[in-house]
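K.L.:
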Amino acid sequence: MKRSQAASMIVETLGLNTENRPDADFDDIDENLPSYEVAATVQDEGIIGGKMVPFSRMMR
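Sequential numbering from 309 applies to the sequence shown in my numbering.
As structure tokens, this is what we get:
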């Protein structure tokens, strides 16, 4: 599973709204990617920080 897929699952499971979030502060994700809003949401909620690395496999 990719990190962006895991982030999407977290957002959906927790029922988090992705609208009106601050821009993501990740330097490794392009704002034009479909998963950008999800990345901004998980970062804003403090779930994922540091680097997003959206296409890397999720580690435990």
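Virtual Cβ for every residue (Gly too), placed ideally from N, Cα, C.
Who are the Cβ neighbours of Q313 in its own chain at under 8 Å, not counting the five residues just before and after it?
P.N.:
Taking the first residue of the sequence shown as position 1, residue 313 is located at position 5. Here the set comprises M366.
K.L.:
Determine the DSSP secondary structure at R311, reduced to helix, strand or coil.
P.N.:
For the purposes of this step, residue 311 is identified with residue 3 of the sequence shown, where counting begins at 1. Three-state result, R311: helix.
K.L.:
Assuming T349 is part of the alpha helix (DSSP H), what are its boundary residues?
P.N.:
Sequence index remark: in the sequence shown, residue 349 carries index 41 (1-based). It spans 344–352 - the alpha helix (DSSP H) in which T349 sits, taken as one unbroken run.
K.L.:
Out of I318, L322, D336, M317, which one is the CA nearest neighbour of S364?
P.N.:
Counted from its first residue, the sequence shown places residue 364 at position 56. Looking at the Cα atoms, D336 is the closest of the given residues.
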